[in-house]
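The structure appears below as structure tokens.
Numbering (the working numbering), first residue to last: 1429 to 2091.
Below, the structure written as structure tokens:
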């Protein structure tokens, strides 16, 4: 039988609530308050980056991050707007642009604020982490740090003896092999202490030799940027010069300490006290004058005081307590780079921490390297390169940019991937810049002024140049010098540049770009000359930079139409008038200055007024025709188209010369 369900228990009846009239009705009890509603956190506003990753939900307002160059099209996407909306906002600011225009940062901020956004501008390299960490950040653990050599930058004015000073330490002769007597690019050298003091025995110093010519300012600054100690070389006979001032500013900005070497103390006119006074005036008072700057009088040519200078450098290094971890991933910076025949891309680097070994892979900006070999400044093979030491590195995929930092990674695959990512980002930025129309417009110009600027550009003379140099640093210096050339008549357009010899590929590129090739201290490969004759490409080369700049200026001036200038040949005074045939007259004259030449242009002046202009049609001495008559002789002159001569008239004879215009 089925089980019978139990019957429900009878419900207990609640007693009725009795409310007496004397008591007010009881207020119903309030339920206990509910716990607050916990809403999920709002999704963070993702900053949108022009040209980079990151998306923002449509309609959200917040911070928008952009990286220059700010192109209208990309900027509109970042603001979740149509391009015409951004263009309209810019027109309200009196800016006439297109979707491909690059706009100024200040204008971009105003447009972003108008549409409710806060604009953050991040310049290339800010906040970027192109190199991935491969280990825990134990690099600066005091237990792992070891003493390293100081990196010393030698700075000073041209011809004050910087390279001669290093010659003494390196016992080599570099100056005699340098074009024009100036160092053309940075050299990095390790020098071992050979003096008497036992505490410095076996210690080494890494020297950077930087160029002194004004054109190499960037290279000199880059040398200072990796420096622990700056040796400021000042000639005792010259004192502080313009480039000495510049070098001092670099040293004060980039170096931890400054040592002053007063060179050429044996030269005629040497005045060490004057140099020390100039130092005091510039805030680097010498130690023996109560300051903190170690000052060493030296003669780099004779070796006087050179050991004491090296001891001063090592003393300063002890004070700075220079240490680094030699066992972490190798980090460092490229000092100089070049393309070498038979070796391919090479670069001089300074290791700042870690130890670099053959077989290591590292990434360096847009390039990468698997170290094939390490070499010292004399060409000898190195087993490794520890902190503070320079090395020439072979095994690059391309020539790296000087001043770029590097860091070792796990393998060459990772190095290649990171370099390709950096190169892709660089190409995108370059493409955005190239898309912007170059109309010669400037900020604040009216529409009419912009139109006139664009029309003027169509008529502008342009010299396009393709640059070639021996190393990257000199290529950079050359480009910097060329960009300093100012001309309202000819625009200099640098279409590209690379290091290494001039090749047929360079000629083909120059032909396509309609440019000339400007080579600095570089060779021309075999077979290129025949290619030049066929293409008509012109090559301008020199091994001294300021001479090369002069040649480029001359090439720019050749594009200009020659100017016609008047040159006065001479003058003659009319003394009498004679008939010439039945209808014409001839002026009997005395040549008072210069000479009168037949067929030359002339003008007849009477009482200060030009009466007639025309060629010297007839010129005679007595009855004979003459080609020219010099001052102090009489002659007969007949001007073309004129016969009304009067005694006292002046005939001025001129010639028109074509001269090359200035830039």
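All residues carry an ideal CB built from backbone N, CA and C; glycine is no exception.
Would you call residue i buried or exposed, if buried means 16 or more other Cβ atoms sit within 10 Å of its Cβ?
| i | result |
| --- | --- |
| residue 1631 | buried |
| residue 1526 | exposed |
| residue 2006 | exposed |
| residue 1717 | exposed |
| residue 1621 | buried |
| residue 1626 | exposed |
| residue 1763 | buried |
| residue 1576 | buried |
| residue 1617 | buried |
| residue 1748 | exposed |
| residue 1588 | buried |
| residue 1709 | exposed |
| residue 1936 | exposed |
| residue 1813 | buried |
| residue 2004 | exposed |
| residue 1634 | buried |
What residue from the options has the CA that sits closest to residue i's CA?
| i | options | result |
| --- | --- | --- |
| residue 1759 | 1831, 1894, 1810 | 1831 |
| residue 1907 | 1926, 1776, 2070 | 1926 |
| residue 1725 | 1689, 1735, 1742 | 1689 |
| residue 2002 | 2061, 1905, 1496, 1668 | 2061 |
| residue 1692 | 1734, 1658, 2056 | 1734 |
| residue 1659 | 1682, 1736, 1580 | 1580 |
| residue 1890 | 1923, 1548, 1900 | 1923 |
| residue 1582 | 1518, 1570, 1655, 1534 | 1655 |
| residue 2009 | 2071, 2028, 1976 | 2071 |
| residue 1629 | 1969, 1635, 1619 | 1619 |
| residue 2058 | 2066, 2087, 2076, 2026 | 2026 |
| residue 1967 | 1974, 1973, 1975, 1956 | 1956 |
| residue 1940 | 1963, 1705, 1518, 1719 | 1963 |
| residue 1911 | 2044, 1981, 1591, 1819 | 1981 |
| residue 2020 | 1796, 2012, 2038, 2000 | 2000 |
| residue 2091 | 1990, 2067, 1504 | 1990 |
| residue 1531 | 1509, 1750, 1494 | 1494 |
| residue 1584 | 1510, 1833, 1668 | 1668 |
| residue 1917 | 1574, 1572, 2089, 1970 | 2089 |
| residue 1570 | 1753, 1684, 1535, 1675 | 1753 |
| residue 1834 | 1795, 1816, 1810, 1825 | 1795 |
| residue 1905 | 1972, 1704, 2074 | 1972 |
| residue 1969 | 1536, 1946, 1596 | 1946 |
| residue 1807 | 1829, 1787, 1836, 1771 | 1771 |
| residue 1978 | 2063, 1909, 2004 | 1909 |
| residue 2079 | 2087, 2038, 1513 | 2038 |
| residue 1896 | 1503, 1825, 1976 | 1976 |
Under 6 Å: does the beta carbon of residue i sit that close to some heavy atom of the ligand ADP?
| i | result |
| --- | --- |
| residue 1738 | The ligand ADP is absent from the structure shown, which contains no ligands of any kind. |
What residues match up with residue i in a beta bridge as DSSP calls it?
| i | result |
| --- | --- |
| residue 1994 | 2084 |
| residue 2066 | 2046 |
| residue 1714 | 1721 |
| residue 1617 | 1635 |
| residue 1763 | BP columns for residue 1763 are empty, so no partner. |
| residue 1792 | 1795 |
| residue 1803 | 1809, 1820 |
| residue 2028 | Answer is none; residue 2028 lacks a bridge partner. |
| residue 1919 | 1890 |
| residue 1935 | BP columns for residue 1935 are empty, so no partner. |
| residue 1691 | 1663 |
| residue 1833 | 1761 |
| residue 1897 | 1927, 1948 |
| residue 1685 | 1657 |
Quick test of your reading: residue i and residue j, contact by CB under 8 Å. State the CB separation rounded to the nearest angstrom.
| i | j | result |
| --- | --- | --- |
| residue 1943 | residue 1893 | 6 Å |
| residue 1898 | residue 1934 | Contact flag wrong, Cβ pair sits at about 14 Å. |
| residue 1496 | residue 1533 | 7 Å |
| residue 1805 | residue 1623 | Actually they are not in contact, since the Cβ atoms of residue 1805 and residue 1623 sit about 21 Å apart, beyond 8 Å. |
| residue 1775 | residue 1821 | 5 Å |
| residue 2016 | residue 2042 | Going by Cβ atoms, the distance from residue 2016 to residue 2042 rounds to 18 Å, so no, they are not a contact pair. |
| residue 1900 | residue 1744 | Not a contact, Cβ separation roughly 30 Å. |
Measuring only between beta-carbons, confirm whether residue i sits less than 7 Å from chain C.
| i | result |
| --- | --- |
| residue 2054 | The displayed structure is made up of one protein chain only, and chain C is not part of it. |
Tell me, please, whether the stretch 2069-2089 touches the stretch 1991-2008 by the rule of three or more beta-carbon pairs shorter than 8 Å.
Inter-segment contact for the stretch 2069-2089 and the stretch 1991-2008 is present: three or more beta-carbon pairs are separated by less than 8 Å.
Should the stretch 1697-1716 be called in touch with the stretch 1659-1672, which here means at least 3 C-beta pairs below 8 Å?
With the rule of 3 Cβ pairs closer than 8 Å, the stretch 1697-1716 counts as touching the stretch 1659-1672.
Taking 8 Å as the threshold, find out whether the stretch 1745-1758 comes into contact with the stretch 1770-1782 through three or more Cβ pairs.
Touching, yes.
Three or more C-beta pairs below 8 Å linking the stretch 1833-1847 and the stretch 1790-1806:
Yes, the stretch 1833-1847 touches the stretch 1790-1806.
Do the stretch 2036-2056 and the stretch 1977-1990 make contact, defined as three or more Cβ pairs closer than 8 Å?
Flag = no, the stretch 2036-2056 and the stretch 1977-1990 do not touch.
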